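This report refers to the structure that appears directly beneath it.
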Amino acid sequence: MSQLAINGGKSVRKKLFPAYKFIGREEKAAVNKVMDSGILSRYLGCWHDDFYGGLEVRAFEKEWADYFKVKHAIAVNSCTSGLQCAIGAIGIEPGDEVIVSPYSMCVSATAPLWYGGIPVFADIEEKYFCLDPKSVESKITKKTKAIIVVDLFGQPYDAVAINKIARQHNLFVIEDCAQAPGAKLGKKFAGTLGDIGVYSLNYHKHIHTGEGGVVVTDNDELADRVRLIRNHAEAVVEEKGTKNLVNMVGFNFRLTEIQAAIGRAQLKKLQKLIKSRQRNCFYLNKELSKIPGIKIADIRPGASHIYYVQPFLYDEKITGVSRDKFIGAVKAELPATRLRECEGQQISVGYNKPLYLLPLFQQQLAFGRSGYPFKSQFCKKGTSYNKGLCPVSERMYEKELFSHEFMRPPVTRKDLDDVISAFNKVYRFRDQLK
Ligand SMILES: *Cc1c(COP(=O)(O)O)cnc(C)c1O
Numbered sequence: 024m025s026q027l028a029i030n031g032g033k034s035v036r037k038k039l040f041p042a043y044k045f046i047g048r049e050e051k052a053a054v055n056k057v058m059d060s061g062i063l064s065r066y067l068g069c070w071h072d073d074f075y076g077g078l079e080v081r082a083f084e085k086e087w088a089d090y091f092k093v094k095h096a097i098a099v100n101s102c103t104s105g106l107q108c109a110i111g112a113i114g115i116e117p118g119d120e121v122i123v124s125p126y127s128m129c130v131s132a133t134a135p136l137w138y139g140g141i142p143v144f145a146d147i148e149e150k151y152f153c154l155d156p157k158s159v160e161s162k163i164t165k166k167t168k169a170i171i172v173v174d175l176f177g178q179p180y181d182a183v184a185i186n187k188i189a190r191q192h193n194l195f196v197i198e199d200c201a202q203a204p205g206a207k208l209g210k211k212f213a214g215t216l217g218d219i220g221v222y223s224l225n226y227h228k229h230i231h232t233g234e235g236g237v238v239v240t241d242n243d244e245l246a247d248r249v250r251l252i253r254n255h256a257e258a259v260v261e262e263k264g265t266k267n268l269v270n271m272v273g274f275n276f277r278l279t280e281i282q283a284a285i286g287r288a289q290l291k292k293l294q295k296l297i298k299s300r301q302r303n304c305f306y307l308n309k310e311l312s313k314i315p316g317i318k319i320a321d322i323r324p325g326a327s328h329i330y331y332v333q334p335f336l337y338d339e340k341i342t343g344v345s346r347d348k349f350i351g352a353v354k355a356e357l358p359a360t361r362l363r364e365c366e367g368q369q370i371s372v373g374y375n376k377p378l379y380l381l382p383l384f385q386q387q388l389a390f391g392r393s394g395y396p397f398k399s400q401f402c403k404k405g406t407s408y409n410k411g412l413c414p415v416s417e418r419m420y421e422k423e424l425f426s427h428e429f430m431r432p433p434v435t436r437k438d439l440d441d442v443i444s445a446f447n448k449v450y451r452f453r454d455q456l457k
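In the working numbering, the protein residues as written are 24 to 457.
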């Protein structure tokens with residue numbers, strides 16, 4: 024035990040960790056019911072009662088809206104398509120600026136582009152990694168129309184400060200809640216804190232339908248427009264009598280009856296899954312925070328964190344070893360990751376590279392070769408996505424942040440103890456890494 028596994032010593036653990044797999048009897052029964060009906064989707068892309076989908080889709084939407092205490096829930100086939108609907112619904116036009124986070128999954132920043140909108144990056148909070156209200160405020164111009172906030176890692180954005188800024192400047196707030204379904208700020212659920220919220224039901228999230236998403240809003244008009252964009256708007260606006268034709272080119276973003284049935288069964292499991300993630304993180308927090316140089320990330324006052332991943336801050340000045348070396352050594356103490364069905368270590372350093380550093384933004388090439396919308400008549404002043412744009416995000420990515428997913432049930436205390444042992448061992452023998 025005195026030699027680190029990365030240097031050829033014996034590792035702390037060889038046995039894989041249990042997989043996060045909560046598709047079970049309930050989902051199978053729900054799917055079979057749909058299979059027996061023979062109706063796997065009931066949408067029609069024309070003005071008809073079935074424009075809004077079949078029985079399972081509608082029941083799922085009703086249950087989602089009830090659970091999250093919101094007026095409208097609109098099922099879509101991904102969070103990506105949901106964000107696209109949201110951007111279209113609020114009427115983003117070519118050249119409109121939308122303030123986005125660089126520290127998220129890519130679509131949180133690319134969504135405005137589908138309508139010619141210009142993503143403008145604001146930096147994140149050092150403590151909670153969501154958009155920093157001060158930075159947001161400094162990015163507002165006459166062209167700003169909206170802010171896409173992200174409830175990163177499982178806790179809500181600073182809705183009090185950012186919603187206030189949005190009201191002052193007449194901006195829409197779109198909330199990307201892919202990582203925080205069930206987190207709360209005060210009495211309100213994340214996802215319902217802005218004007219429109221979007222959840223993901225992809226395979227990696229707290230609950231899933233394989234692929235899927237849900238858009239929520241209390242605003243009747245926005246809900247109507249999202250439903251239109253979801254399902255071939257252009258084909259129905261005439262008969263439906265829709266007057267506002269802005270962004271009424273529709274798509275097929277429809278969730279199937281099978282997915283909706285799975286979603287209904289999954290929603291019933293959400294609360295329990297969150298509780299056990301929180302219990303496990305609480306235990307890890309207590310033990311891992313004893314290691315000098317490793318700091319548990321804070322939870323926003325008044326908020327609950329539901330741990331899509333658990334973030335930590337690393338201080339190389341205290342350990343004397345870089346984050347990447349340290350975490351690399353921890354990984355070597357634990358079994359390597361394989362498939363979702365039998366998992367190994369689930370630790371990652373830095374999260375995503377700040378999104379403005381992606382080739383899309385660096386080259387400013389999105390649709391065709393002209394540079395639209397970045398270099399076009401709609402964006403005369405041009406826009407820059409230089410390195411250094413969001414220093415906190417860059418620092419987190421390069422040096423300070425790491426995160427893990429070991430808290431996912433059904434891990435046991437014993438599993439978590441192995442993780443803790445791996446960290447402790449690497450800390451104790453960190454001199455071997457120098
Ligand atoms: C997963 C994720 C998405 C995308 O969700 P899909 O359903 O795969 O489109 C968007 N934003 C964030 C923050 C995510 O974590």
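For every residue, glycine included, the Cβ atom is placed at its ideal position computed from N, Cα and C.
Since this is a predicted model, take the numbers as computed values, not measurements.
How many angstroms separate the CA atom of Ser299 from the CA atom of Pro432? The count along the sequence shown starts at 1 and reaches residue 299 at position 276. The count along the sequence shown starts at 1 and reaches residue 432 at position 409. Using only the alpha carbons, I get a separation of about 6 Å.
Hey, how far is the Cα of Phe305 from the Cα of Leu290? Working through the sequence shown from its first residue, we reach residue 305 at position 282. Working through the sequence shown from its first residue, we reach residue 290 at position 267. Cα atoms of Phe305 and Leu290: separation of roughly 24 Å, rounded to the nearest angstrom.
Contact check, Val123 vs Ile46 under 8 Å by CB: the rounded distance? The sequence position of residue 123 within the sequence shown is 100, counting from 1. The sequence position of residue 46 within the sequence shown is 23, counting from 1. No, Val123 and Ile46 are not in contact; Cβ-Cβ is about 33 Å, not under 8 Å.
Alpha carbon to alpha carbon, how far is Gly273 from Cys413? Counting from 1 along the sequence shown, the entry for residue 273 is found at position 250. Counting from 1 along the sequence shown, the entry for residue 413 is found at position 390. Their Cα atoms are separated by approximately 35 Å.
Are the beta-carbon atoms of Val237 and Ile97 separated by less than 9 Å? What you label residue 237 is simply residue 214 of the sequence shown in a count that begins at 1. What you label residue 97 is simply residue 74 of the sequence shown in a count that begins at 1. Their beta carbons are under 9 Å apart, which means Val237 touches Ile97 by this criterion.
CB contact flag (Val99, Leu278, <9 Å): The sequence position of residue 99 within the sequence shown is 76, counting from 1. The sequence position of residue 278 within the sequence shown is 255, counting from 1. It is a contact, given that the beta carbons lie within the stated cut-off.
Thinking just about the alpha-carbon of each residue, which of Pro382, Glu49, Glu84 and Phe195 is nearest to the one in Val112? Counting from 1 along the sequence shown, the entry for residue 112 is found at position 89. Going by the sequence as given, residue 112 is Ala instead of Val. Selected option, being the one with the closest Cα: Phe195.
Proximity below 9 Å, CB of Asp441 to CB of Leu311: To locate residue 441, count along the sequence shown from 1; it is residue 418. To locate residue 311, count along the sequence shown from 1; it is residue 288. Taking 9 Å as the Cβ cut-off, Asp441 and Leu311 do not qualify as a contacting pair.
Can you find the residues in the same chain that come closer than 8 Å, C-beta to C-beta, to Gln294, ignoring five residues on each side of it along the sequence? To locate residue 294, count along the sequence shown from 1; it is residue 271. So the list reads Gly205, once near-sequence residues are dropped.
For Ala182 and Tyr126, what's the separation of their Cα atoms in angstroms? Here residue 182 refers to the residue found at position 159 when the sequence shown is read from its first residue. Here residue 126 refers to the residue found at position 103 when the sequence shown is read from its first residue. If I take the Cα positions, the gap works out to 17 Å.
For Leu336, the first and last residue of its enclosing beta strand (DSSP E): Indexing the sequence shown from 1 puts residue 336 at position 313. Start and end: Gln333 to Tyr337.
Supposed contact pair Asn303 and Leu388 - C-beta distance, whole angstroms, cut 8 Å: The residue you call residue 388 lines up with position 365 of the sequence shown. The residue you call residue 303 lines up with position 280 of the sequence shown. Going by Cβ atoms, the distance from Leu388 to Asn303 rounds to 43 Å, so no, they are not a contact pair.
Rank Cys402, Trp70 and Met430 by C-alpha distance to the C-alpha of Gly264 and give the top, closest one. Position 241 of the sequence shown, counting from 1, holds the residue named residue 264. Here the closest residue by C-alpha is Trp70.
Enumerate in chain order the residues of its own chain whose CB-to-CB distance from Ala109 is below 7 Å, with the five nearest sequence positions on each side excluded. Translated into the one-based positions of the sequence shown, residue 109 becomes position 86. Closer than 7 Å at Cβ, skipping near neighbours: Ile197, Ile219, Val221, Val238 and Val249.
Apart from the five residues on each side of it in sequence, which residues of its chain come closer than 8 Å, Cβ to Cβ, to Val434? If you number the sequence shown from 1, residue 434 lands on position 411. Same-chain partners within the cutoff: Phe40, Pro41 and Asn303.
Which value, in whole angstroms, describes the spacing of the CA atoms of Cys102 and Glu234? By one-based count along the sequence shown, residue 102 stands at place 79. By one-based count along the sequence shown, residue 234 stands at place 211. Glu234 has its alpha-carbon roughly 9 Å from the corresponding atom of Cys102.
If you run the structure through DSSP and keep just helix, strand and coil, what is Ala84? The residue given as residue 84 occupies position 61 in the sequence shown. According to the sequence provided, residue 84 is Glu. The question's Ala does not apply to it. The answer is helix: DSSP assigns Glu84 an H, G or I state.
Burial state of Tyr450, where buried means 16 or more other Cβ atoms lie within 10 Å: Here residue 450 is taken as the residue at index 427 of the sequence shown, counted from 1. Tyr450 should be labelled buried.
Closer than 8 Å: Cys102 CB and nearest ligand 1 heavy atom: Counting from 1 along the sequence shown, the entry for residue 102 is found at position 79. For Cys102, the distance from the CB to the nearest heavy atom of ligand 1 is below 8 Å.
Complete runs of the alpha helix (DSSP H) confined to the segment 265-291 [at least 4 residues]: Fully enclosed alpha helix (DSSP H) runs of 4 or longer: 280-290.
Quick one: does the C-beta of His227 sit closer than 8 Å to a heavy atom of ligand 1? Here residue 227 corresponds to residue number 204 of the sequence shown, with the count starting at 1. Yes.
The alpha helix (DSSP H) with His192 in it runs from where to where? Position 169 of the sequence shown, counting from 1, holds the residue named residue 192. Run containing His192: Ala182 to His192, per the alpha helix (DSSP H) assignment.
Name the residue from Leu67, Glu280 and Leu245 whose alpha carbon lies nearest to the alpha carbon of Ser60. Position 37 of the sequence shown holds residue 60. Checked all of Leu67, Glu280 and Leu245; the closest Cα to Ser60 is Glu280.
Decide if the segment 126-135 is in contact with the segment 367-386; the criterion is three or more beta carbon pairs, one per stretch, under 8 Å apart. Under the three-pair Cβ rule at 8 Å, the segment 126-135 counts as touching the segment 367-386.
Cα-Cα separation, His192 to Val143: For the purposes of this step, residue 192 is taken as residue 169 along the sequence shown, with counting starting at 1. For the purposes of this step, residue 143 is taken as residue 120 along the sequence shown, with counting starting at 1. Distance between His192 and Val143, taken at the CA atoms: about 16 Å.
Three-state secondary structure assigned by DSSP to Pro315: Here residue 315 corresponds to residue number 292 of the sequence shown, with the count starting at 1. Of the three classes helix, strand and coil, the one that applies to Pro315 here is coil, per DSSP.
Ile128: beta carbon under 8 Å from a heavy atom of ligand 1? Counting from one through the sequence shown, the residue named residue 128 turns up at place 105. The sequence shown places Met at residue 128, rather than the Ile named in the question. Within the cutoff, so yes.
Which of the three DSSP states is assigned to Val237 in this structure? Taking the sequence shown and counting its residues from 1, one reaches residue 237 at position 214. DSSP, reduced to helix, strand and coil, places Val237 within a strand of the structure shown.
Inter-stretch contact at 8 Å, needing at least 3 Cβ pairs: the segment 252-263 / the segment 69-86: By the criterion of at least three beta-carbon pairs nearer than 8 Å, the segment 252-263 is in contact with the segment 69-86.
Chain-order list of residues whose beta-carbon lies under 8 Å from that of Lys398 (same chain, five-residue window excluded): Sequence index remark: in the sequence shown, residue 398 carries index 375 (1-based). Here the set comprises Gln387 and Gly405.
For the segment 143-161 against the segment 308-328, are there 3 or more C-beta pairs whose distance is under 8 Å? Touching, per the Cβ criterion.
Looking at Gln333 and ligand 1, is the gap between the Cβ and the nearest heavy atom below 8 Å? Within the sequence shown, numbered from 1, the residue matching residue 333 stands at position 310. Not one heavy atom of ligand 1 falls within 8 Å of the beta-carbon of Gln333.
Per-residue DSSP class, three states only, for Pro142: Within the sequence shown, residue 142 is the residue found at index 119, counting from 1. If DSSP states are grouped into helix, strand and coil, Pro142 belongs with the strands.
Could you have a look at Ile171 and say whether DSSP puts it in helix, strand or coil? Working through the sequence shown from its first residue, we reach residue 171 at position 148. Of the three classes helix, strand and coil, the one that applies to Ile171 here is strand, per DSSP.
Identity of the residue in Asn30, Met58 and Ser25 nearest Gln282 by Cα: Stepping through the sequence shown from its first residue, residue 282 is reached at position 259. Nearest option by C-alpha distance: Met58.
CA-CA distance, Ser371 and Lys207? Residue 371 sits at position 348 when you count from the first residue of the sequence shown. Residue 207 sits at position 184 when you count from the first residue of the sequence shown. So the two alpha carbons sit approximately 26 Å from each other.
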